[in-house]
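Take a look at the structure below.
Residue numbers (this note's numbering): 1245 to 1584.
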């Protein structure tokens, strides 16, 4: 019963934050949202989970303080808490830093890999997807008042550090965290020029990430070594996982390529071709570790020596596989239906 109430609070706080028009109400809803997910992070009663919950709380509390400072300063300067009245450069920049810290972009990305690694796969799914909806909606509302140079810099740094950070990771949750950082860079880089493209990118990422984490949870897959034996649990799930990873990397003609194509087109339209070229080059870093993971999943046989340990996992039932695989397949091949 308590878990259901906390989950309802998590959903309601996000909905109210996205629907609010006042910075004070948005700050209150974001605080409720943070307090609602903390029990999910620390539920396992493990030292790593407690550490992850503490890091998440401290980071979100710092971001909330910055958000309240920016909102209060803007209300003092303009006489209103309205989100659309962010004409002052200092307050709008401070608000941007606060919201990007909540989502996990460079240079305030340091908390995301550690928090995801200390959480369960389903909690990591919530942090990577649902928890980004409210801050992204607030950024969409104030996108007209954000400095373009600042968002372009944050976007390029996020795609670069997200790609480099995921190169040497053997833990899938950390790899997905750095992938999230890189994806947020793609989202932020075009926020001031074409906010709708940013929303398309973030929601496409959510659609692709959700079945990926669910497949990991159903197959008890947490490391790259586990990926080599995933085929023994369900070959169909392994195929869907490979397609989802390639789609998230932005490989055409899969779904993940569509938002990147739209963003590249917008940057070239705004005469930012050098920046578009650098962003595409940084996306190759993300593609490299996704290709490595796909190779381990589908093209590599596990070691057959007696000294190698195979992770025990619960056998996937047919009902779970039949429910999840259509979702994964549909989200992977959605691109032809979205092209106008």
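No residue lacks a Cβ here, since even glycine has one placed at the ideal position from N, Cα and C.
Beta-carbon gap between residue i and residue j smaller than 7 Å
{"i": "residue 1271", "j": "residue 1311", "result": "yes"}
{"i": "residue 1347", "j": "residue 1379", "result": "yes"}
{"i": "residue 1482", "j": "residue 1491", "result": "no"}
{"i": "residue 1471", "j": "residue 1530", "result": "no"}
{"i": "residue 1519", "j": "residue 1528", "result": "no"}
{"i": "residue 1442", "j": "residue 1452", "result": "no"}
{"i": "residue 1250", "j": "residue 1286", "result": "no"}
{"i": "residue 1335", "j": "residue 1317", "result": "yes"}
{"i": "residue 1503", "j": "residue 1538", "result": "no"}
{"i": "residue 1265", "j": "residue 1327", "result": "yes"}
{"i": "residue 1371", "j": "residue 1430", "result": "no"}
{"i": "residue 1359", "j": "residue 1422", "result": "no"}
{"i": "residue 1433", "j": "residue 1382", "result": "no"}
{"i": "residue 1629", "j": "residue 1533", "result": "With the chain represented from 1245 up to 1584, any question about residue 1629 goes unanswered, as that position is not in the structure."}
{"i": "residue 1303", "j": "residue 1377", "result": "no"}
{"i": "residue 1476", "j": "residue 1439", "result": "no"}
Alpha helix (DSSP H) segment containing residue i, residue limits
{"i": "residue 1318", "result": "1291-1322"}
{"i": "residue 1540", "result": "1517-1542"}
{"i": "residue 1247", "result": "1246-1263"}
{"i": "residue 1466", "result": "Counting along the chain, residue 1466 falls outside any alpha helix (DSSP H), and DSSP gives it neither H nor E."}
{"i": "residue 1350", "result": "Run containing residue 1350: none; DSSP gives neither H nor E here."}
{"i": "residue 1440", "result": "1439-1462"}
{"i": "residue 1287", "result": "Looking at the DSSP string, residue 1287 is not in any alpha helix (DSSP H), and its letter there is neither H nor E."}
{"i": "residue 1399", "result": "1392-1409"}
{"i": "residue 1487", "result": "1479-1493"}
{"i": "residue 1362", "result": "Where residue 1362 is concerned, there is no enclosing alpha helix (DSSP H), given that its DSSP letter is neither H nor E."}
{"i": "residue 1496", "result": "From DSSP, residue 1496 is part of no alpha helix (DSSP H); its letter is neither H nor E."}
{"i": "residue 1424", "result": "1416-1433"}
{"i": "residue 1381", "result": "1377-1385"}
{"i": "residue 1508", "result": "1501-1513"}
Supposed close pair residue i, residue j - CB separation, criterion 8 Å
{"i": "residue 1338", "j": "residue 1314", "result": "4 Å"}
{"i": "residue 1456", "j": "residue 1485", "result": "7 Å"}
{"i": "residue 1352", "j": "residue 1364", "result": "About 24 Å separates the two Cβ atoms, so there is no contact after all."}
{"i": "residue 1437", "j": "residue 1392", "result": "7 Å"}
Residues near residue i in its chain [Cβ-Cβ closer than 8 Å; skip 5 each side]
{"i": "residue 1549", "result": "Summary for residue 1549: the model assigns pLDDT 46, below 50, so the residue's position carries little reliability; its value from the coordinates is reported in the next sentence. Nothing listed; no residue qualifies."}
{"i": "residue 1562", "result": "Since pLDDT at residue 1562 reaches only 49, below the 50 mark, its modelled position is unreliable, and the value read off the structure follows with that caveat. Cβ within range, chain order: n/a, list empty."}
{"i": "residue 1584", "result": "Unreliable positioning characterises residue 1584 in this predicted model, as indicated by a pLDDT of 45, which lies under 50. A coordinate reading is not provided."}
Sequence-distant residues of the same chain with beta carbon closer than 6 Å to residue i, five excluded per side
{"i": "residue 1284", "result": "1367"}
{"i": "residue 1322", "result": "1329"}
{"i": "residue 1414", "result": "1467, 1468"}
{"i": "residue 1357", "result": "1418, 1421"}
{"i": "residue 1526", "result": "1403, 1404, 1407"}
{"i": "residue 1260", "result": "1273"}
{"i": "residue 1355", "result": "1299, 1303"}
{"i": "residue 1501", "result": "1494"}
{"i": "residue 1331", "result": "none"}
{"i": "residue 1566", "result": "Low local confidence applies: a pLDDT of 49 at residue 1566 is under 50, so the model's placement there is unreliable, with the coordinate-based value given in what follows. There are no such residues."}
{"i": "residue 1445", "result": "1430, 1431, 1503"}
{"i": "residue 1385", "result": "1327"}
Own chain residues within Cβ distance below 7 Å of residue i, not counting five before or after
{"i": "residue 1454", "result": "1369, 1373"}
{"i": "residue 1450", "result": "1373"}
{"i": "residue 1551", "result": "Only weak support is given to the placement of residue 1551: the predicted model assigns it a pLDDT of 47, under 50, and the question is left unresolved by the model."}
{"i": "residue 1394", "result": "1337, 1340"}
{"i": "residue 1428", "result": "1347, 1348, 1349, 1402"}
{"i": "residue 1254", "result": "1277, 1280, 1281"}
{"i": "residue 1275", "result": "1308"}
{"i": "residue 1522", "result": "1400"}
{"i": "residue 1505", "result": "none"}
{"i": "residue 1291", "result": "none"}
{"i": "residue 1390", "result": "1336, 1340, 1435, 1436"}
{"i": "residue 1426", "result": "1402, 1403, 1406, 1407, 1530"}
{"i": "residue 1262", "result": "1377, 1378, 1381"}
{"i": "residue 1256", "result": "none"}
{"i": "residue 1248", "result": "none"}
{"i": "residue 1514", "result": "1437"}
heavy atom of the ligand PLP below 6 Å from residue i C-beta
{"i": "residue 1443", "result": "Looking for the ligand PLP in the displayed structure turns up nothing, as the structure carries no ligands at all."}
7 Å Cβ cutoff, residue i in contact with chain C
{"i": "residue 1257", "result": "Given the protein chain composition of this structure (a single chain), no chain C is represented."}
contact_flag[the segment 1404-1415, the segment 1450-1464] where n(CB pairs < 8 Å) is 3 or more
no
Would you call the segment 1286-1300 and the segment 1261-1277 touching, i.e. three or more CB-CB distances under 8 Å?
no
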